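Notes to accompany the following structure.
Numbering (the numbering used here), first residue to last: 167 to 232.
Put into structure tokens, the structure is as follows:
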């Protein structure tokens, strides 16, 4: 027969195991959400910088040739 202390230890162990499983699952979901942003953010910044450089070059050319 299981005594109360052993039952309490078993329940605590199962709760801890379940919480670790949930924590791992949430961590995986967060990593999956963050990955695309970390991958595409530098590309977006580079595109904006290229557009700014192109805009500046066109403005300078317009001032020099007009």
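Backbone N, C-alpha and C define an ideal beta-carbon position, used for all residues, glycine too.
Since we're looking at a predicted model, the values are computed, not measured.
The same chain holds no residue with a CB closer than 7 Å to that of residue 185 once the five nearest residues on each side in sequence are set aside. Here DSSP, grouped into helix, strand and coil, assigns residue 210 to helix. The alpha-carbon of residue 181 is positioned some 12 Å away from that of residue 173.
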